[in-house]
Amino acid sequence: MVMGKVAIYARVSTVDKQDYNRQINDCKTAIGDKYTENNIEIFAEQISGYKPNEVRPQLTKMLDIIEKDNKYFDKIYVTEISRLGRDPKATRKLIDDLTDYKIPIFITSINRQTIDEDTGERDSIMNIIIQVLIEFSDSESKTFKKRSKSGLLDSVRNGIAGGSRNLPYGYTKNETKKLIVDDEEAVIINEIFNLYKQGNGFKSIATLLNHREIPTRTNKAFAGQVIKYKTQKLGESVKWTDVAIDCIIKNPIYYGKRRYKGEKLKDDEVYDGEITKSKEKGVRYKTIYLDAPAIIDEQLFNECNEIRTTKTHRNYLTTYTYLLKDLLYCGCCGRNYFAKFKPVEGGDKVYICSSRLIKGGNCGNIGINISLLESAIYNEFLLTDSLLKFLQENNIKEDLDVKLKSLKIDLDINQASFDKKENEKKRLLRVYLAETINENEYTVQKAEIDKSESELLSKIELIKSEIFQIQKTIERQNDNQATREMILQARDNRTELKTIFNQFITRVIINKLDAKTVLASVFIQIKGQEQKRPMNLFLNIRGLIGRPMKYQYVPVFQKSHLPAYENNILMTDASEVIFHNMHQIEFDMKTIEQENLILIENTYPIQPK
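Sequential numbering from 514 applies to the sequence shown in the working numbering.
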């Protein structure tokens, strides 16, 4: 019996199905009765072999012991060289460092160690064997990953569900392992989308499902199993959450499009299609959409996701359409403004700079009351003869119809191109089966076709989304030409009014000038060309303090170089802007009449109980 100590290092990848107990037992068998249990120290972990040594806790712990006392361990046991690592350079250095410390590494799979027992020196033959094993391990791992990804993609293309039990809620697999709709769960999926469309938030829906004791996917797939080892949390204890509902609403599989990672993008590669990000920092993939059995129709999916993307950052779901969404910019920092709206008495009803979302990044610019800003612009549209004249000469619906026709043609062209690629792939397969080309040629050509199909599918999805948005706007458009009467009617039709705003406003820049005045510079476009000089609205924010509130502003069509902007940032000193417009601000203040006010307070949605 030897009185020293030995170490066992065991490692499994995070994707491996087995644990490291087999490795530990194999090493103990190799040790035999040379050491007692008390003299065997085990270092085992679940982590990728490509991770740097310093982020592998158990390996680091073992190396720290050796660093302090290189006589502490007589020997280190591993089952295979790949357990020490997969990266050839890092693994080679680790072995060399341990050899310099005169600590032999015993590899049970080949029953040899790195240091000659007789001479105590590096075993030259073993050194050659190890180098071959290291390179082979790296090559084997990369080939396995490549084949796995290729095989998985082919399986997905053929409708195979995959080996995971954790399929998207609403789906199961049949006896041939193909993805099919789970009729019982499909009822819940339909309910989730319809509840969300009706104004219920993610948390409300999750709470409702939990109250009704509807089982989650994890409940069914992992009942009786520990899914979190630190807390010993069981699969059946997992509840519905707002995050789970959010993931369902965003997942295009429910209207028949299964999303999958396609070709990996290079670090600096520019790609116009949809991108899927990896868990690895900076790694990006082209997004592929493949057909899947649908549970809901595309219209319902798009409506729900329109609601989701237009919510405020505080997750308040409202039926309110923000007229200036994506048009507002901060004159202090150049960032966009967003709407912050709490549908309760005394709650926030302002457009504010997005710099406030960044910790310590608040630029200091003021938030502006939504109703004051929107009403001032609306009122000025009604009173400005030049804008009304242009509105009368241009039918918004006609413009949208022209754009819609163009998009439909573009969609048909891309769909035809995709169908052509599908036919090419079928012909290529026939040629391959006829043994006219070899396997390598077939693989290369098929990869090129798959790449083209992926790009075309991404374009098709983007075009469909834009067509949906325009069709929805047209449905809500009046057939009348844009006149003063049309604008008056649109006062209570926010989608209609937003269309008018988007037709003529390119951007609005917000700046606080003093304690009572905010400048909103409204840049107008006529026939697609932004006018050089904006319509400046000096908003009286003091009027909102009194009761009843006064919605007041002064319009000034810019005639001089003041105010001047660069990249949406005000370059002129605020006091100088006030000075040059002092007379009009003092004497030409307009109070917006009640019939022209657009009050967000009147648009409170019915809140879920």
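By construction, the Cβ of each residue, glycine as well, lies at the ideal position given by its N, Cα and C atoms.
(request) Throw me the rounded Cβ distance for the Ile1150 and Tyr842 pair, which I believe falls under 8 Å. (result) Nothing about residue 1150 can be read from this structure; the chain reaches only from 514 to 1122.
(message) Within the continuous beta strand (DSSP E) that includes Gln1038, where are the two ends?
(response) 1030 to 1039
(message) Given 8 Å as the limit, tell me if Val525 has its C-beta closer than that to any heavy atom belonging to the ligand ATP.
(response) By its list of ligands, the structure shown contains no ligand whatsoever, and the ligand ATP lies outside what it can speak to.
(message) So, with DSSP's three-state summary, where would you put Gly1056?
(response) helix
(message) From the DSSP secondary-structure annotation, give me the bridge partner or partners of Ile1130.
(response) No answer is possible for residue 1130: the residues shown for the chain start at 514 and end at 1122.
(request) Rounded to whole angstroms, what's the CA-CA distance from Leu680 to Ile801? Just pull it up for me. (result) 18 Å
(message) Would you call the region 716 to 734 in contact with the region 764 to 775, where contact means no fewer than 3 C-beta pairs closer than 8 Å?
(response) no
(request) May I ask you to report which of helix, strand or coil DSSP gives Arg1046? (result) coil
(request) My understanding is that Phe715 touches Asp759, with C-beta atoms under 8 Å, so please give their C-beta distance in whole angstroms. (result) 5 Å
(request) In the DSSP assignment, find the unbroken alpha helix (DSSP H) run with Asn1024 in it and report its ends. (result) Element bounds for Asn1024: not the alpha helix (DSSP H) but the beta strand (DSSP E), 1018 to 1025.
(message) Measuring straight from C-alpha to C-alpha, what distance separates Gln1149 and Leu917?
(response) Absent from the structure is residue 1149, since the part of the chain shown begins at 514 and ends at 1122.
(request) From the DSSP output, read off the bridge partner residues of Ile693. (result) Thr685
(request) Enumerate in chain order the residues of its own chain whose CB-to-CB distance from Thr949 is below 8 Å, with the five nearest sequence positions on each side excluded. (result) none
(request) Return the CA-CA distance between Gly873 and Ile976, expressed in angstroms with no decimal places. (result) 39 Å
(request) May I ask which residues mark the beginning and end of the beta strand (DSSP E) holding Glu1089? (result) Element bounds for Glu1089: not the beta strand (DSSP E) but the alpha helix (DSSP H), 1087 to 1093.
(request) Within its chain, find whatever has a CB closer than 6 Å to the CB of Cys1034; leave out the 5 residues flanking it on each side and keep chain order. (result) Note that residue 1034 corresponds to Ser in the displayed sequence, not to Cys. Ile1022, Pro1047, Asn1049.
(message) If you reduce the DSSP assignment to three classes, tell me which class Gln738 lands in.
(response) coil
(message) For a minimum of 3 consecutive residues, which ranges assigned as the beta strand (DSSP E) are wholly contained in the region 839 to 899?
(response) 841 to 843, 850 to 854, 862 to 866
(request) Given a cut-off of 9 Å, decide if Ile761 and Asn818 are closer than it, judged by their beta-carbon atoms. (result) no
(request) Would you kindly report the start and end of the unbroken beta strand (DSSP E) that includes Tyr770? (result) For clarity, residue 770 is Lys in the given sequence; the question names Tyr instead. Here the beta strand (DSSP E) through Lys770 covers 770 to 777.
(message) I believe Cys540 touches Ile521 by the beta-carbon criterion, under 8 Å. Please report the beta-carbon distance rounded to the nearest angstrom.
(response) 4 Å
(request) For the beta strand (DSSP E) holding Leu803, just list the boundary residues, first then last. (result) 797 to 804
(message) Looking only at its chain, what residues have a beta carbon closer than 6 Å to the beta carbon of Asn1024, apart from the 5 residues adjacent to it on each side?
(response) Gly844, Leu1032, Leu1083
(request) State the start and end residues of the unbroken alpha helix (DSSP H) segment that holds Glu580. (result) 570 to 581
(request) Over the uninterrupted alpha helix (DSSP H) stretch that includes Gln812, give me the two end residues. (result) 811 to 822
(request) For the region 1051 to 1070 and the region 880 to 889, state whether three or more C-beta atom pairs, one from each stretch, are separated by less than 8 Å. (result) yes
(message) Is it buried or exposed, Val568, if we count other Cβ atoms within 10 angstroms and call 16 or more buried?
(response) exposed
(message) Using the three-state DSSP reduction, which class does Glu704 fall into: helix, strand or coil?
(response) helix
(request) Figure out for me which residue from Leu924, Tyr1078, Gly683, Ile1039 has the closest Cα to the Cα of Val694. (result) Gly683
(message) Here's a check: name, in chain order, each residue in its chain whose Cβ is nearer than 7 Å to the Cβ of Phe1051, leaving out the five neighbours to either side.
(response) Thr1030, Leu1032, Tyr1066, Val1067, Val1069, Asn1094, Ile1098
(request) Have a look at Asn713, Tyr563, Glu593, Gln626 and flag the residue whose alpha-carbon is nearest the alpha-carbon of Arg599. (result) Tyr563
(message) Give me the residue from Cys866, Glu954, Glu782, Ile594 with the minimum Cα distance to Ile883.
(response) Cys866
(message) Pop quiz: Gly775 and Lys972 are said to be a contact at Cβ under 8 Å. What is the actual Cβ separation, rounded to whole angstroms?
(response) Actually they are not in contact, since the Cβ atoms of Gly775 and Lys972 sit about 14 Å apart, beyond 8 Å.
(message) So if DSSP puts Tyr1078 in a beta bridge, which residue, or which two residues, is it bridged to?
(response) Leu1083
(message) Just to check my reading of the structure: Leu941 and Lys959 have Cβ atoms closer than 8 Å, yes? What is that Cβ distance to the nearest angstrom?
(response) 6 Å
(request) Please classify Ala947: does DSSP put it in a helix, a strand, or coil? (result) coil
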